[in-house]
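Protein chains in written order, with numbering that gives the first Met the number 0: chain A, 0 to 260; chain B, 0 to 305. For every residue, glycine included, the Cβ atom is placed at its ideal position computed from N, Cα and C.
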Amino acid sequence: MTAAFVGSLQSEWIKKRRSLAGWLVIVGALFTPLIIVVARLTYQDGLAKLYTSDTFWRDHWNNCWESVAIFLLPIGEVLAASLITQLEYKNNTWKQLHTTPLHFTTIYFSKLLVMLAMLFQFFFLFNIAIFISAIIPALVIADVSIPTAPIDVLFYLKENVLYFIDCLPIIALQYLIALNFKNFLVPIGTGFLMWVLSLATLRWEYGYLFPYSYTIFNFLNEAASGKAAIPDLNFHLLALGYFIGFIAIGYALYVTKKDKG
Amino acid sequence: MQTPLHCVETRSLTFGYSSTEPVLKSIDLKVEQGSIYGFLGPNGAGKTTTLRLILGLLKIQTGQVSIFGKDLAKGRLEILRQVGSMIESPSLYGHLTAYENLALLCKVYRCSTDAINQALELVDLTQTKNKKVSQFSLGMKQRLGIAVALLHRPPLLILDEPTNGLDPNGIIEMRALLKKLNKESGTTIVISSHLLAEIEKLVSHVGIIHQGKMRFQGTLEKLQLLTRQNNDTVTIETDNMPATKEIVEQLGHRCEVGEGYVLIKNITKANIAVVNASLVASSINVYGISSQTSYLENIFMEIINR
């Protein structure tokens, strides 16, 4: 079982080569830091002061996460999870995959693990890009010095873990939907609608019930409290609960599917 | 006499996509080990549904499927390890190269990378192994689909209309490849087609399905014997078709006028001579008398039209 799972995982990893989902991870991770670099090189007023600030890294971190937590990450996940799953429909390969000597459980969880690995890849690249985007203006502009403010590594690690957890329900629900609908527009449309609903209900006291809102909550909780009705309960745990629930439902629907290709 | 060992066997396989008319009605398919089994039937007869049930792609509603003597419901993985398949169009990832398409399956079957090169060589795709599959022609995709099925050198190959999209040369090459695999490696091959003429030079056994029912099953010799029993259909080419038809009918034979010929059914060899003599005596020039060239095709049509 273990060897079969590793083989299946390697096989799934090969499938994402040169795929749109694979490119999306790289482009998504580099996009905001690149924009920040361009903006700072274009508008240099006040940069020298910003780079000597004691809170430089925290401010830079929030700048980078703002568009990512609210827009790029939820939408990117909707697209990536749907695209990875739809590879089989698009290429008409479910029938081949289901005639390989693999348990359906192995297939289901190896696909999921590849998506989680891609999410991890995004976080890894994004963190590196955040750091590099902070350094580049200091190297290019003469009167801007390398920031000397301390980097609270533990804080950023914790934030990464929390954002990662907050992403999980989106991946699980998109995976569930994409597995059950051949039409690519269904998972993409549902994902986009869920994201819009999450944005629209940010100030509603029950807005936390929408599973696509947790990265937004995490960002606003840290950087701009008051802009959303942050729930008193631990929404990260709620995200984990949704993730487990969606994965279980998705698995049950997948293994009991009568037509497997 | 020893009972032949059945590599694939279905018992009373009945299946329907909806609660109305079933698509398959009690199919008892028996594929002997080491044979090349031609599974024939017109489009929509139930060939693909049967093969999908055999491969576990559809949930069995009624009946049983056993492969290598094992029940599919109980030993799915063990069975699939020994089966290579291509159902309908080839299943390939367009954004990957031919090599990568095989490499990802290599991880699943845990076979060596040599197997990839051997499979590519078998289907003559070595030169294009680093080309993206989306840039392949239909024939190349079909050949790569065969390579996918052959990658782990399975003792049983199930191919659903594998010659679709192949040019005549490609069909001949595929036939030769399958024959070679069967002869040298003892691979049992189940190959479906809607054209008997296309596979009659390849198969040792034939199963004919029509409207979800098995109409014939046996060796090719058995089918040919059946053909010979009915091999009394001839075509006559003359310079006067209406007069020819009239004379033939006067002699008590049923006939049909085709384009440039008269087709006579159920006629003995002695009567052919009588018809010929009568035509000549009536000053009709006879250009040719021949038994139909694709006689197996006719018996196929007769079987499915019964």
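Rank 283/B, 87/B, 281/B by C-alpha distance to the C-alpha of residue 43/B and give the top, closest one. Residue mapping note: residue 43/B aligns to position 44 of the second sequence, counting from 1. Cα-wise, what sits closest to residue 43/B is 87/B.
Give the interface partners of residue 66/B over in chain A, defined as CB-CB distance under 8 angstroms, in chain order. Locating residue 66/B in the second sequence gives position 67, counting from the first residue. Neighbours of residue 66/B on chain A: none; closest Cβ ~12 angstroms, over 8 angstroms.
Opening and closing residue of the beta strand (DSSP E) in which residue 110/B lies: As a working mapping, residue 110/B is identified with position 111 in the second sequence. Taken as a continuous stretch (DSSP letters only), residue 110/B belongs to no beta strand (DSSP E), as it is neither H nor E.
Contact residues within the segment 6 to 18 of chain A, judged by C-beta distance below 7 angstroms to chain B: Cβ contacts with chain B: 6, 7, 9, 10, 13, 14, 16, 17, 18.
With residue 91/B and residue 140/B assumed to form a contact (beta carbons below 8 angstroms), what rounded beta-carbon distance in angstroms separates them? As a first step, residue 91/B must be located in the second sequence, where it is residue number 92. As a first step, residue 140/B must be located in the second sequence, where it is residue number 141. With 8 angstroms as the limit, residue 91/B and residue 140/B qualify as a contact, their Cβ atoms being about 6 angstroms apart.
Buried/exposed call for residue 90/A, threshold 16 Cβ in 10 Å: Residue 90/A sits at position 91 when you count from the first residue of the first sequence. With a 10 Å radius around the Cβ and a threshold of 16 neighbouring Cβ atoms, residue 90/A comes out buried.
Any non-hydrogen atom of the ligand NAD within 8 angstroms of residue 84/B CB: Of ligands this structure carries none, so the ligand NAD is not represented either.
Contact defined as beta carbons within less than 8 angstroms: I believe residue 83/B pairs with residue 153/B. What is the distance between those atoms, to the nearest angstrom? On the second sequence, residue 83/B is found 84 positions in, with the first residue counted as 1. On the second sequence, residue 153/B is found 154 positions in, with the first residue counted as 1. 4 angstroms between Cβ atoms; contact.
Cβ contact (3+ pairs, closer than 8 angstroms) linking the segment 242 to 251 of chain B and the segment 57 to 70 of chain B: With a cut-off of 8 angstroms, the segment 57 to 70 of chain B and the segment 242 to 251 of chain B do not count as touching, because too few Cβ pairs lie within range.
Tell me the DSSP secondary structure of residue 226/A in three-state form. Within the first sequence, numbered from 1, the residue matching residue 226/A stands at position 227. Of the three classes helix, strand and coil, the one that applies to residue 226/A here is coil, per DSSP.
So which residues on chain A does residue 98/B lean against when the C-beta distance must stay under 9 angstroms? As a first step, residue 98/B is located in the second sequence; it is residue number 99 there, counting from the start. Within chain A, no residue has its CB atom less than 9 angstroms from the CB of residue 98/B, the nearest being about 10 angstroms off.
Could you give the C-beta distance for residue 9/B and residue 39/B, rounded to a whole number, given that I count them as a contact under 8 angstroms? Within the second sequence, the letter at position 10 stands for residue 9/B. Within the second sequence, the letter at position 40 stands for residue 39/B. 16 angstroms between Cβ atoms; not a contact.
Do you know offhand how far residue 186/A's Cα is from residue 128/A's? Residue 186/A sits at position 187 when you count from the first residue of the first sequence. Residue 128/A sits at position 129 when you count from the first residue of the first sequence. Their Cα atoms are separated by approximately 29 angstroms.
How long is the line joining the alpha carbons of residue 58/A and residue 126/A, rounded to whole angstroms? For the purposes of this step, residue 58/A is taken as the residue at position 59 of the first sequence. For the purposes of this step, residue 126/A is taken as the residue at position 127 of the first sequence. Using only the alpha carbons, I get a separation of about 14 angstroms.
Can you check whether the CB of residue 275/B is closer than 9 angstroms to the CB of residue 232/B? By 1-based counting over the second sequence, the position of residue 232/B is 233. By 1-based counting over the second sequence, the position of residue 275/B is 276. By the CB criterion at 9 angstroms, residue 232/B and residue 275/B fall outside the cutoff.
With residue 148/A and residue 56/A assumed to form a contact (beta carbons below 8 angstroms), what rounded beta-carbon distance in angstroms separates them? Translated into the one-based positions of the first sequence, residue 148/A becomes position 149. Translated into the one-based positions of the first sequence, residue 56/A becomes position 57. About 5 angstroms; that satisfies the 8 angstroms criterion.
Where does residue 127/A sit, in a helix, a strand or coil, going by DSSP? Looking up residue 127/A in the first sequence gives position 128. Helix at residue 127/A.
For the segment 55 to 85 of chain A, which segments carrying the beta strand (DSSP E) assignment without a break, of at least 3 residues, lie completely within its bounds, in sequence order? Whole beta strand (DSSP E) segments, 3+ residues: zero.
Please identify the residue among 119/A, 151/A, 170/A, 93/A whose C-alpha is closest to the C-alpha of residue 130/A. Locating residue 130/A in the first sequence gives position 131, where the first residue counts as 1. Measuring from the Cα of residue 130/A, the nearest candidate turns out to be 151/A.
Using a beta-carbon distance below 9 angstroms, is residue 98/A in contact with chain B? Numbered from its first residue, the first sequence carries residue 98/A at position 99. At a cut-off of 9 angstroms between beta-carbon atoms, residue 98/A makes contact with chain B.
Residues of its chain near residue 169/B, where Cβ-Cβ distance is below 6 angstroms and the 5 sequence neighbours each way are ignored: For this step, residue 169/B is matched to residue 170 along the second sequence. Residues of the same chain with a CB within less than 6 angstroms of the CB of residue 169/B, apart from the 5 flanking positions on each side, are 138 in chain order.
Given that a residue counts as buried once 16 or more other Cβ atoms are within 10 Å of its Cβ, and exposed if not, what is residue 294/A? Past the boundaries of the shown model lies residue 294/A; chain A is included only from 0 to 260, so the question cannot be answered.
Here's a check: name, in chain order, each residue in its chain whose Cβ is nearer than 7 angstroms to the Cβ of residue 69/B, leaving out the five neighbours to either side. Indexing the second sequence from 1 puts residue 69/B at position 70. Contacts found: 77, 78.
Rounded to a whole number of angstroms, what is the C-alpha to C-alpha distance between residue 180/B and residue 35/B? Numbered from 1 along the second sequence, position 181 holds the residue referred to as residue 180/B. Numbered from 1 along the second sequence, position 36 holds the residue referred to as residue 35/B. Using only the alpha carbons, I get a separation of about 10 angstroms.
Any residues in the segment 84 to 95 of chain B with a beta carbon nearer than 9 angstroms to a beta carbon of chain A? Which ones, in chain order? Listed by position, the residues of the segment 84 to 95 of chain B near chain A (Cβ gap below 9 angstroms) are 84, 85, 86, 87, 88, 89, 90, 91, 92, 93, 94, 95.
By the three-class DSSP mapping on this structure, what secondary structure does residue 64/B have? The residue labelled residue 64/B in the question sits at position 65 within the second sequence. In the three-state reduction of the DSSP assignment, residue 64/B falls in the strand class.
On the DSSP letters alone, give me the boundaries of the beta strand (DSSP E) that residue 13/B sits inside. Position 14 of the second sequence, counting from 1, holds the residue named residue 13/B. DSSP places residue 13/B inside the beta strand (DSSP E), whose first and last residues are 5 to 14.
On a CA-only basis, which of 191/B, 198/B, 208/B, 89/B is nearest residue 172/B? Give me that one, please. Taking the second sequence and counting its residues from 1, the one referred to as residue 172/B is at position 173. The residue with the shortest Cα to Cα distance from residue 172/B is 198/B.
Whole beta strand (DSSP E) runs in the segment 196 to 253 of chain B with 3 or more residues, listed along the chain? Within the segment 196 to 253 of chain B, the complete beta strand (DSSP E) segments at least 3 residues long are 204 to 209, 212 to 218, 233 to 237, listed from N- to C-terminus.
Do you know offhand how far residue 387/B's Cα is from residue 34/A's? Any question about residue 387/B goes unanswered here, given that chain B covers just 0 to 305.
Nearest candidate by alpha-carbon position, reference residue 207/B, set 200/B, 217/B, 201/B: As a working note, residue 207/B is residue 208 in the second sequence. Closest by alpha carbon: 217/B.
Per DSSP, what kind of secondary structure is residue 87/B in: helix, strand or coil? Position 88 of the second sequence, counted from the start, is the residue given in the question as residue 87/B. Under the three-state reduction of DSSP, residue 87/B is assigned to coil, being neither helix nor strand.
Within the 9 angstroms Cβ cut-off, does residue 257/A reach chain B? Position 258 of the first sequence, counted from the first residue, corresponds to residue 257/A. True, the Cβ-Cβ gap to chain B drops below 9 angstroms.
Chain-order list of residues whose beta-carbon lies under 8 angstroms from that of residue 133/A (same chain, five-residue window excluded): Locating residue 133/A in the first sequence gives position 134, counting from the first residue. In chain order, 55, 56, 59, 146 place their CB closer than 8 angstroms to the CB of residue 133/A, counting only its own chain and leaving out the 5 sequence neighbours on each side.
Since residue 169/A is in the beta strand (DSSP E), which residue starts that stretch and which ends it? The residue given as residue 169/A occupies position 170 in the first sequence. Secondary structure note for residue 169/A: it is in no beta strand (DSSP E), and the uninterrupted alpha helix (DSSP H) holding it is 152 to 179.
Identify each residue in the segment 147 to 167 of chain B for which the Cβ-Cβ distance to at least one residue of chain A is less than 8 angstroms, and report them in chain order. Against chain A - using a Cβ distance shorter than 8 angstroms - the residues of the segment 147 to 167 of chain B are 147.
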